[in-house]
Structures are given as structure tokens and as C-alpha cells.
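When the count follows UniProt numbering, it moves up by one through the sequence shown with no breaks and lands on 405 for the last residue.
Yeah, the Cβ is synthetic: ideal placement off N, Cα and C, and Gly gets one too.
Note that the coordinates shown come from a computational prediction; the quantities given were computed from them, not determined experimentally.
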Amino acid sequence: MASIPIPRRYRTIVYIPSRSDGTMLEVCLSIPTSTSSQPQVYTGVVIAHPYGPLGGSYNNNVVGALLQWFETSSLSAPITLSTKKSKKGATGKRNSTGARKGSLDQDTGNAGTAASPTSAKSAGGGAQAESLACIICAFNFRGCGKSKGKTSWFGEAEREDYQTVVDFLQSGSRTGTSTSHLNNIPEQRDSGTGSPASNRAVFDETGREIDPPRLPFLSRFILSGFSYGGMVASSIPPPLRNPADPASAHLPTTYIMISYPAGVAWFLTSGAQSGFYKRARAILQGEQQPSGDATAAAKNDTETTTATETDTDAGDTQSKKSTIEAYFITGADDQFTSPKTLLNWLKTNAGLNPPNTLTGGSWALTRPDGAIHVDVVKGVDHFWLDREQELVDRLQAWWSDTHSV
1 MASIPIPRRY
11 RTIVYIPSRS
21 DGTMLEVCLS
31 IPTSTSSQPQ
41 VYTGVVIAHP
51 YGPLGGSYNN
61 NVVGALLQWF
71 ETSSLSAPIT
81 LSTKKSKKGA
91 TGKRNSTGAR
101 KGSLDQDTGN
111 AGTAASPTSA
121 KSAGGGAQAE
131 SLACIICAFN
141 FRGCGKSKGK
151 TSWFGEAERE
161 DYQTVVDFLQ
171 SGSRTGTSTS
181 HLNNIPEQRD
191 SGTGSPASNR
201 AVFDETGREI
211 DPPRLPFLSR
221 FILSGFSYGG
231 MVASSIPPPL
241 RNPADPASAH
251 LPTTYIMISY
261 PAGVAWFLTS
271 GAQSGFYKRA
281 RAILQGEQQP
291 SGDATAAAKN
301 DTETTTATET
311 DTDAGDTQSK
321 KSTIEAYFIT
331 GADDQFTSPK
341 TLLNWLKTNA
351 GLNPPNTLTG
361 GSWALTRPDG
371 AIHVDVVKGV
381 DHFWLDREQE
391 LVDRLQAWWS
401 DTHSV
């Protein structure tokens, strides 16, 4: 008799209260069920959807493609995050933010030839890649799907919704010990901080409180979003290594922004986009306090030893490399944000300086330190309908190139 295969992942729908006002949020949680004898880095992944009043929810085609990609791809990453400058990139001029001007590489639509950030292969020092085991949350903002409440005018409530999901994923990190496998996770202990993340109330669809899932200690995060969801994600600070300590350093964090709505953010936030941009700028240029708490100021420049490198460029004012990286991908025919508009936004908020002239077709641009990368794809509009596979193929190509050893 043939054996029944054991599913590699377990999906379930749970409901968690938003930390701002208790609004119940619908969350699709995807957890790996298989164990491995190889070392694994447990990684928290959050996926956010487009603007709710225009039909956005986690049932969106791009959100679904991202969720499936994170579930099925064999992702790996070096112990040290790849943000080391290449020798070639180190010769560029600096702008006022300290970031050097980017270089442009064009291609004919082949994802494999897109310009890539400085590869982890250049990190040296015997860096070793480890497999990522992704704990994934795709969720509905308030007023979307089966989440309660309604969409806010200015987007601040949605920021709290996103942060609530990050806190939920980090609940396993409050044990203070890392684990090798999901079936060998120590019991959770309340941190005693009284913070929203320490209140791990979880509910089912009927509103009945249920036992919270036992989540592992997370060593890194991927914060992602499509359209409006990407705008919200870009304003979320990188999670802390120790959630109970506001002064602790942040975890290595990757931001993935699909069809970033820089051209219509004013509409999506009723004119309050400047607050989102200020937060995104602090994150993308390495100026943020990891927790947003004033008590973190003393450790603003301190990074974890396994996720940073010493900067050997004598002209650099930073003594440690950032553990933050961001990947932007957009269609050349985006109806709401042209590539030029996005590049102007990245110039202002990410220190990415594009050339004066840009030609048509597919092309890519990378900040010389490798931390910020943008792909523009020919023939694709804002919605990626029937182009989802190309989207994840390009994402896979970028990830493989920048996170290999």
C-alpha cells in the first residue's frame, strides 16, 4: 500500500486583535511541517495586500503568488547579510545622505541578466549559507476579507495592523532560546512587559479564544507588500532581536515592495503620505531606531555580530554595515506610478541616484552598497495579471544572486 505523503506545510486561519484598538484581523498562517537535519534559520515573513476599498485582500493574485513562492522555494541566506560594497561600487560619488550614486544595467527582459546587488559571494571570511524555514503570515487589513472594522483615512491604523502581525510572529522569540525544529519548541513564557506582543490572544472564526500556535525563535524577517501593502510595509521598523528590550539591535530584515504606489500615496493616505515616507527614509537610509523608542538611541549604530561587517572604506562614516536590504519591482507600464516617479522617490528616500536618461524596456538599478535594488519589467502594468510567474522568477533570481555564498 502506498504511503500517504505528509504535507510540507500547514495552513490555518486565525484571528488576532490589532494592537491599536483590538480590531480583529484575519491572518493566514503558513508553517512548515517537515523537519530537516540541516541547520535552518527560522524567518518571519509578512505579506500585505493592496488598498481594501479598491478590492484589495489577501486573495489578490500577487499576494497569492508571493505566498506560494515563499512556501515552495528553497531559500537560503548567508549568516552575514550581503550588504558589503564592491570595489567597483566604492569609487562612486556620495550624495548628501552618504549613499553613492547607483549604476544602471539594462536587459532585454531576461530576469537572469538583471543588475544585481553586491553578492554575498564577495563577503569572504568563510560565510556559510543556511536554509531558511519561513513562518508566513498573509493577512487582511481592517475592513478587508473577514477582518473587522473599516479602512482608515490616513493609514496609521493599517500600520498598527501590520505591526501586530510582526509582533505575533515574534511571540516565539520571547522564550529567549532558539530551537532547531518546530516540534521541539520550548514553552512560551510571558516577557512581563505588558506589551501588545506579549498578549498572545488568538481566536477562531467564531470568536472563541484558542491556544496560540507554538512559534520558533526567529532570526530574520522578510516584510513585503503589494501596492498599498508595500507602502505600509516600508514604514515598519525592522524587528528587534529581543522584543522585550526596546534598546536591542534589530534583526536582519529584507523589504520586498511590488508596484510601490509612490504616485498615488497621497490618495491612499488622504494626504498623510509624508509620515510614511519619513519612516521609510529612515529605514532605507539606516537612520531608524529599531524600536522607534527613544531608549534605543544609545544602540542605534550597534548591530548583531552575525549580521554585520566592518566597513573598510576609509571615507565611510558608518563603522558597521546595515542589516537592512530592499527589493523594489514594478512594471514599466504601471498606470499609477511611472518608473520615473518611483526612481525620484527612491532618490529622495533611499539615496539611489538614477542616470539622467532612461530608455524603454526592462532594466535594473542597484545602490552600490547592494542594499537597495529596483527592477523595472517591460510590458507589465500595476496588477501583474498573467505575469505572476515572471514576478516570482525575477524575485528568485535577485534572491539567489544576493544571498548565495
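Say whether chain B places a C-beta atom closer than 9 Å to the C-beta of residue i.
i: residue 30; result: The chain inventory of the structure shown lacks chain B, comprising one protein chain alone.
Report all residues from its chain with a CB closer than 7 Å to the CB of residue i; omit the five preceding and five following residues, and keep chain order.
i: residue 465; result: Nothing about residue 465 can be read from this structure; the chain reaches only from 1 to 405.
i: residue 128; result: 78, 79 and 405
i: residue 232; result: 48, 155, 158, 159, 162 and 225
i: residue 334; result: 259, 381 and 382
i: residue 277; result: 349
i: residue 235; result: 159, 276, 279 and 280
Quick one: measure Cβ to Cβ for residue i and residue j, integer angstroms, because I've assumed they're closer than 8 Å.
i: residue 363; j: residue 270; result: Rounded, the Cβ-Cβ distance is 33 Å, inconsistent with contact.
i: residue 417; j: residue 11; result: Examination of residue 417 is not possible in this model, given that the chain is present from 1 through 405 alone.
i: residue 56; j: residue 228; result: 6 Å
i: residue 141; j: residue 230; result: Wrong, their Cβ atoms sit about 13 Å apart, outside the cutoff.
i: residue 323; j: residue 253; result: 7 Å
i: residue 200; j: residue 41; result: Wrong, their Cβ atoms sit about 23 Å apart, outside the cutoff.
Reducing DSSP to helix, strand and coil, say where residue i ends up.
i: residue 128; result: coil
i: residue 274; result: helix
i: residue 44; result: strand
i: residue 339; result: helix
i: residue 363; result: strand
i: residue 250; result: strand
i: residue 200; result: coil
i: residue 67; result: helix
i: residue 76; result: strand
i: residue 230; result: helix
i: residue 84; result: Its pLDDT being 39, under 50, residue 84 is placed unreliably by the model, and nothing is read from it.
i: residue 323; result: coil
i: residue 162; result: helix
i: residue 292; result: At residue 292, the pLDDT of 39 sits below 50, so the modelled position is not reliable and the matter cannot be decided from this model.
i: residue 149; result: coil
i: residue 408; result: The first residue shown for the chain is 1 and the last is 405, placing residue 408 beyond what the model contains.
I'd like to know whether the C-beta atoms of residue i and residue j end up nearer to each other than 9 Å.
i: residue 394; j: residue 377; result: yes
i: residue 283; j: residue 238; result: yes
i: residue 15; j: residue 207; result: yes
i: residue 218; j: residue 251; result: yes
i: residue 62; j: residue 388; result: yes
i: residue 164; j: residue 17; result: yes
i: residue 370; j: residue 330; result: no
i: residue 133; j: residue 43; result: yes
i: residue 25; j: residue 148; result: yes
i: residue 76; j: residue 131; result: yes
i: residue 167; j: residue 19; result: yes
i: residue 29; j: residue 246; result: no
Please work out which residues of its chain come closer than 6 Å, Cβ to Cβ, to residue i, disregarding the five sequence neighbours upstream and downstream, and give them in chain order.
i: residue 372; result: 326, 350 and 352
i: residue 144; result: 52 and 57
i: residue 203; result: 15 and 209
Excluding sequence positions up to five away, which residues of its chain have a Cβ less than 8 Å from the Cβ of residue i?
i: residue 356; result: none
Count Cβ pairs between the segment 235 to 243 and the segment 67 to 79 that sit closer than 8 Å; are there 3 or more?
no
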